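**Student:** There's a structure below that I have some questions on.
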Amino acid sequence: MSKTFGKWIRRPWLLGVAGGMLVASLLLQYWPLPSSLQNRDYARLILADNGELLGARIAGDQQWRFAPVTELPDKYEQALLLFEDRRFRLHPGIDPLAIARASWGNIKAGRVTSGGSTLTMQLARMLRDDPPRTLPNKALEALSALHLEWHFSKDELLNFYASHAPFGGNIVGLRAAAWRYFGREPEQLSWAEAATLAVLPNSPALIHPGRDRERLRQKRDHLLHRLTEAGALSKLDLTLALREPLPERPRPLPHLAPHLLTTLAAEAPSQAVFHTTLNADLQRRTQQIAEQQGRRLARDGVHNLSILVLDHERMRTLAYVGNQAAGDSHAPAVDIIQRPRSTGSILKPLLYGLMLEEGELLPTTLVPDIPAYFGGYRPENYDRQYRGAVPAHRALARSLNVPAVHMLKDYGIERLHHRLQELGVSTLHRPAEDYGLSLILGGAEGTLWELTNLYARMTSMARAGTWPAEAQRIHGEHGEAKGDPGLGQGAAWLTLQALLNVVRPGTDALWRDFSGSQAIAWKTGTSYGLRDAWAIGSNGRYTVGVWAGNAGGEPAPALSGQKSAAPVLFEVFAQLGNHRWFDRPTRALKTVSVCITDGYLAGGQCESREIDIPRHSHFQQVTPHYQRVQLDATGQYRVHAGCERVSAMVSADLFTLPPLQAHFWRLHHSDYRPVPPWRPDCLAAVHHYADDQPMDLLYPREGSQVYIPLELSGRRGRTVLQAVHRHPEGKLFWHLDDRYLGKTRLFHEQAVSLDPGWHKLRLVDGDGYQLERWFRVLGGEG
9 MSKTFGKWIR
19 RPWLLGVAGG
29 MLVASLLLQY
39 WPLPSSLQNR
49 DYARLILADN
59 GELLGARIAG
69 DQQWRFAPVT
79 ELPDKYEQAL
89 LLFEDRRFRL
99 HPGIDPLAIA
109 RASWGNIKAG
119 RVTSGGSTLT
129 MQLARMLRDD
139 PPRTLPNKAL
149 EALSALHLEW
159 HFSKDELLNF
169 YASHAPFGGN
179 IVGLRAAAWR
189 YFGREPEQLS
199 WAEAATLAVL
209 PNSPALIHPG
219 RDRERLRQKR
229 DHLLHRLTEA
239 GALSKLDLTL
249 ALREPLPERP
259 RPLPHLAPHL
269 LTTLAAEAPS
279 QAVFHTTLNA
289 DLQRRTQQIA
299 EQQGRRLARD
309 GVHNLSILVL
319 DHERMRTLAY
329 VGNQAAGDSH
339 APAVDIIQRP
349 RSTGSILKPL
359 LYGLMLEEGE
369 LLPTTLVPDI
379 PAYFGGYRPE
389 NYDRQYRGAV
399 PAHRALARSL
409 NVPAVHMLKD
419 YGIERLHHRL
429 QELGVSTLHR
439 PAEDYGLSLI
449 LGGAEGTLWE
459 LTNLYARMTS
469 MARAGTWPAE
479 AQRIHGEHGE
489 AKGDPGLGQG
499 AAWLTLQALL
509 NVVRPGTDAL
519 WRDFSGSQAI
529 AWKTGTSYGL
539 RDAWAIGSNG
549 RYTVGVWAGN
559 AGGEPAPALS
569 GQKSAAPVLF
579 EVFAQLGNHR
589 WFDRPTRALK
599 TVSVCITDGY
609 LAGGQCESRE
619 IDIPRHSHFQ
629 QVTPHYQRVQ
639 LDATGQYRVH
649 AGCERVSAMV
659 SADLFTLPPL
669 QAHFWRLHHS
679 DYRPVPPWRP
689 DCLAAVHHYA
699 DDQPMDLLYP
709 REGSQVYIPL
719 ELSGRRGRTV
729 LQAVHRHPEG
739 KLFWHLDDRY
749 LGKTRLFHEQ
759 AVSLDPGWHK
769 LRLVDGDGYQ
779 LERWFRVLGG
789 EG
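Going by this note's numbering, the first residue of the sequence shown is number 9, and it counts up by one from there.
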């Protein structure tokens, strides 16, 4: 037996002490920490790019408890330790000197005037929901303080205390108190403000208006004097601090981005603080615009408005007004920026850009603008007019529906559907055939978030030649530019060039006449049924998206992208300042020679000019609208080899549109001249020398289904058949189901009564050309 073991045997109290220390150490190490230390329900905070508070949502237990600061501000820490626990960094959680001093004071006073609690003991009491201050509870607080000190550093304990301390009413924690009483982060508090918050948890009821406020001032001022004596404040600082007023009552918190906070909280339920990329000043000004414009729109029956501002150079979100609603009955809590809505015409630039990139189109190419029937689908332009044919870039700038549908038909619905998904449209949940040709006119749905991002990314591509990820909303958010955008720099730049020519609302329509005006490439959209109005545009630095309508989907007769959303768009751009438009991307473009008249590649038949197209475009179609004809010596009649000597013929290349296009083109182009008629002696053999078709049906089109309603008398009504001829003076002879109807000239129309079923219409003109079409009349009552 060793001497040491014998010593322990002879002195059993040493063994007891060692055993007790071992048990105490094990308890301190393994006894569970208070669950309330970490499992706290915090209020949700949303911060601007500079750290400014944009808004907050109260915690689930209805306490304004903000997530703790990472490090206590120096002013508050000095004030707190001097007021509550000067030896905090020296004791192990229990301060024997403080307990002795408190006990002596209580004995002298004959009552309990002080408890001698350390900050750690006060923290322990907070974690137990502030039980009555009895001796047993004091003992438990002391043990709990030792437990806390065993596991945490002094700085961590100070932070726990500051984040759990009560500051009056339902305000818990330093960060919440700093914002509710002084409207700023704790790091920005003055000495007087820091001293106020240092003394307040000791008597949180003093903050409320009334006679106790003078006691709060006395406590604060006494602490300020002590801080001066300790060398923390100068005499001048003390004088200024003493003159600062006490806070009157808790301030209302900012309410600048509530919908973004809702969206972010749903995406990250466990996160308490969202440090966004929003610009606080711009967010505030954008919110004011939304409020003002919202009142204007409400008078027209439009009760919801959303605005999104992106920096397409850095791909950051700068302003986010999720829903400016005209009252509680119009779904004010819904974040409409993230809700799918009918896209209207807002996807047209993407189709245009893709067709340019893939060699399906040139900016100047004529696109048909005529009455069209695609199965049971009949698109119409917003103004209910037709122009015969329109250059593609002008059709986009004027947002003409019929040319857009013709473009989609040529490009392919399935192809566009696939490309849109690759570009980032996530709301196309149905197969392409379900959307049909209406895909380009609002048959699909999209969110303001994704569509504005698409325009921003397209602008970034045009400016820098890169297709970036979606814009950040919070710092550290890094998305990926998924898939192949299929839209090169040249095509993106040309698309934006077309959108620079969209006519602006009101006096902004004359923007080119003002030297201070900036270039903005923008587009509007209005959904079918007047339920959604869009306006999205980009200047040299920013992209702005606006949606207006009714959250519940109710139509508004006055709603349109041009009148409802566009004025909001340009008011926001006015707040963003002027920014230089980016340069022509020379390396991404090449020039080709096109016919001035129809915009197709020139092949020597027409007067031409040079235009820009994407460098990798493989467009190869030479103009189809110039027809080489043989004329007689007078130039007034067409001739052929069967009626004129070849040596006497004069060759000419003439701009000639198909009859239906020519009919409407002539209404807008008074200088248009059709191909001259055949000389009378050439008509007999004309079909051996020419196969052109000088006429076409305006209604019904090939394969159309015609519904003829019953009249009040019970008899089936009549429908009007319409045709056009290349020559205004041309004559047409009408035959329906081999029955002669009559002859027309100038205005080619026939009113007929038809039975249900298929019918054959045959037209013959004065030169012997024939046109035959089948159509179907629906039976029953429709």
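Think of the CB as a built atom: it goes at the ideal place given N, C-alpha and C, for glycine as much as any other residue.
Quick caveat, the model's predicted, so the values are computed rather than measured.
Under three-state DSSP, which class holds Y50?
**Tutor:** Residue mapping note: residue 50 aligns to position 42 of the sequence shown, counting from 1. If DSSP states are grouped into helix, strand and coil, Y50 belongs with coil.
**Student:** Just reading off the beta strand (DSSP E) that E780 is part of, what are its end residues?
**Tutor:** As a first step, residue 780 is located in the sequence shown; it is residue number 772 there, counting from the start. From DSSP, the beta strand (DSSP E) with E780 extends over 778-785.
**Student:** So L154 packs on L165, CB below 8 Å; how close in whole Å?
**Tutor:** Taking the first residue of the sequence shown as 1, we reach residue 154 at position 146. Taking the first residue of the sequence shown as 1, we reach residue 165 at position 157. Wrong, their Cβ atoms sit about 12 Å apart, outside the cutoff.
**Student:** According to DSSP, is G524 helix, strand or coil?
**Tutor:** Within the sequence shown, residue 524 is the residue found at index 516, counting from 1. Low confidence applies to G524: its pLDDT is 48, below 50, so where it sits in the model is not reliable, and the reading given next is rough at best. Coil, per DSSP.
**Student:** Report the residue from N461, A464, R438, R465 whose alpha carbon sits nearest the alpha carbon of E453.
**Tutor:** Counting from 1 along the sequence shown, the entry for residue 453 is found at position 445. The option with the nearest alpha carbon to E453 is R438.
**Student:** Let me know the secondary structure DSSP gives E201 once reduced to three states.
**Tutor:** Start at 1 with the first residue of the sequence shown, and residue 201 comes out as number 193. Looking at E201 - three-state DSSP - the assignment turns out to be helix.
**Student:** Determine the contact status of V413 and L449, defining contact as a CB-CB distance below 8 Å.
**Tutor:** Walking along the sequence shown from the start, residue 413 turns up at place 405. Walking along the sequence shown from the start, residue 449 turns up at place 441. The answer is yes: Cβ separation under 8 Å.
**Student:** Based on Cα-Cα distance, which residue from R324, P575, E388 lies nearest to G484?
**Tutor:** To locate residue 484, count along the sequence shown from 1; it is residue 476. For the residues R324, P575, E388, the minimum Cα distance to G484 belongs to R324.
**Student:** Please report the residue range of the beta strand (DSSP E) in which E757 lies.
**Tutor:** As a working mapping, residue 757 is identified with position 749 in the sequence shown. 756-760 is the extent of the beta strand (DSSP E) around E757.
**Student:** Considering only C-alpha positions, which residue in the set D704, I179, Q629, G68 is nearest to Q669?
**Tutor:** Working through the sequence shown from its first residue, we reach residue 669 at position 661. When each option's Cα is compared against that of Q669, the closest is D704.
**Student:** Tell me, please, which residues DSSP counts as bridged to C603.
**Tutor:** To locate residue 603, count along the sequence shown from 1; it is residue 595. DSSP output for C603 lists S616 as bridge partner(s).
**Student:** Taking the runs of the beta strand (DSSP E) that are 3 residues or longer, which of them lie wholly in the region 537-587?
**Tutor:** Within the region 537-587, the complete beta strand (DSSP E) runs of at least 3 residues are 540-546, 550-557.
**Student:** Return the residue from the list Q301, T372, Q393 that minimises the CA-CA distance to Q556.
**Tutor:** Indexing the sequence shown from 1 puts residue 556 at position 548. The sequence given here places Ala at residue 556; Gln does not occur at that position. The candidate whose alpha carbon is nearest that of A556 is Q301.
**Student:** Measuring alpha carbon to alpha carbon, tell me which of R770, G774, D775 ends up nearest W782.
**Tutor:** Indexing the sequence shown from 1 puts residue 782 at position 774. Considering only alpha carbons, the answer is R770.
**Student:** Mind listing, in chain order, the continuous beta strand (DSSP E) runs of no fewer than 3 residues lying wholly within the region 388-440?
**Tutor:** Whole beta strand (DSSP E) segments, 3+ residues: 396-399.
**Student:** Under three-state DSSP, which class holds Y385?
**Tutor:** If you number the sequence shown from 1, residue 385 lands on position 377. In this structure, Y385 counts as strand in the three-state DSSP scheme.
**Student:** Quick one: measure Cβ to Cβ for P702 and R734, integer angstroms, because I've assumed they're closer than 8 Å.
**Tutor:** Residue mapping note: residue 702 aligns to position 694 of the sequence shown, counting from 1. Residue mapping note: residue 734 aligns to position 726 of the sequence shown, counting from 1. So it is a contact: roughly 4 Å between Cβ atoms.
**Student:** Closer than 7 Å by C-beta to P476: which residues in its own chain qualify, once you throw out the five before and the five after it? Chain order, please.
**Tutor:** Sequence index remark: in the sequence shown, residue 476 carries index 468 (1-based). Only M323, R465, S468, A489 meet the Cβ criterion.
**Student:** Just to confirm the assignment, what range does the alpha helix (DSSP H) spanning I297 have?
**Tutor:** In the sequence shown, the residue the question calls residue 297 occupies position 289. Where I297 is concerned, the enclosing alpha helix (DSSP H) stretches over 288-306.
**Student:** Is L53 closer than 8 Å to V329 when the C-beta atoms are compared?
**Tutor:** By 1-based counting over the sequence shown, the position of residue 329 is 321. By 1-based counting over the sequence shown, the position of residue 53 is 45. Not a contact, by the Cβ cut-off of 8 Å.
**Student:** Give me whichever residues DSSP pairs with R636 in a beta bridge.
**Tutor:** Within the sequence shown, numbered from 1, the residue matching residue 636 stands at position 628. According to DSSP, which records beta bridges pairwise, R636 is partnered with D661.
**Student:** Quick check: the Cα distance between Q295 and A56, rounded to an integer number of angstroms?
**Tutor:** Residue numbering aside, residue 295 sits at position 287 when the sequence shown is read from its first letter. Residue numbering aside, residue 56 sits at position 48 when the sequence shown is read from its first letter. When rounded, the distance between both Cα atoms is 14 Å.
**Student:** Taking the alpha-carbon of H338 as reference, which of E562, G63, S625 has the nearest alpha-carbon?
**Tutor:** The sequence position of residue 338 within the sequence shown is 330, counting from 1. Here the closest residue by C-alpha is E562.
**Student:** Take D521 and list the residues in its own chain whose beta-carbon comes closer than 6 Å to its own, dropping the five residues that flank it on each side.
**Tutor:** The residue given as residue 521 occupies position 513 in the sequence shown. With a pLDDT of 45 at D521, under the threshold of 50, the modelled position of this residue cannot be trusted; read the value that follows with caution. If we look at D521 and ignore the five residues flanking it on each side, it has no Cβ neighbours.
**Student:** If distances are taken between C-alpha atoms only, which option among G560, Y707, L502 comes closest to Q730?
**Tutor:** By one-based count along the sequence shown, residue 730 stands at place 722. For the residues G560, Y707, L502, the minimum Cα distance to Q730 belongs to Y707.
**Student:** Taking just the CA atoms, how far does L224 sit from I215?
**Tutor:** Your numbering for residue 215 matches position 207 in the sequence shown. Your numbering for residue 224 matches position 216 in the sequence shown. Going from the Cα of I215 to the Cα of L224 covers about 7 Å.
**Student:** Is DSSP giving L148 helix, strand or coil here?
**Tutor:** Along the sequence shown, read from residue 1 onward, the residue named residue 148 stands at position 140. In the structure shown, L148 sits in a helix (DSSP, three-state: H, G or I).
**Student:** Got a sec, what are the start and stop residues for the beta strand (DSSP E) F282 sits in?
**Tutor:** If you number the sequence shown from 1, residue 282 lands on position 274. 281-283 is the extent of the beta strand (DSSP E) around F282.
**Student:** With DSSP as the reference, please indicate the residues paired to S350 in a beta bridge.
**Tutor:** In the sequence shown, residue 350 corresponds to position 342, counting from 1. Paired residues: E453.
**Student:** May I have a chain-ordered list of the beta strand (DSSP E) segments no shorter than 3 residues that lie completely inside the region 53-105?
**Tutor:** Entirely contained in the region 53-105, the beta strand (DSSP E) runs reaching 3 residues are, in chain order, 61-65.
**Student:** Once you ignore the five residues that flank R549 on each side, which residues in its own chain have a CB closer than 8 Å to its CB?
**Tutor:** If you number the sequence shown from 1, residue 549 lands on position 541. So the qualifying residues of the chain are D319, H320, E321, L584, H587.
**Student:** Taking 7 Å as the limit between beta carbons, can you name the residues of its chain near H263, skipping five residues before and five after?
**Tutor:** For the purposes of this step, residue 263 is identified with residue 255 of the sequence shown, where counting begins at 1. Around H263: G63.
**Student:** L272 and P371 - do their beta-carbons sit closer together than 8 Å?
**Tutor:** Position 363 of the sequence shown holds residue 371. Position 264 of the sequence shown holds residue 272. No; because the gap between Cβ atoms is not below 8 Å, this pair is not in contact.
**Student:** In three-state terms, what does DSSP make of W519?
**Tutor:** Taking the first residue of the sequence shown as position 1, residue 519 is located at position 511. Caution is warranted here: a pLDDT of 45 is assigned to W519, below 50, making its placement in the model unreliable, and no coordinate value can be reported.
**Student:** Over what stretch of residues does the alpha helix (DSSP H) that includes P667 continue unbroken?
**Tutor:** For this step, residue 667 is matched to residue 659 along the sequence shown. Here the alpha helix (DSSP H) through P667 covers 667-676.
**Student:** Can you tell me whether A265 is helix, strand or coil according to DSSP?
**Tutor:** As a working note, residue 265 is residue 257 in the sequence shown. If DSSP states are grouped into helix, strand and coil, A265 belongs with coil.
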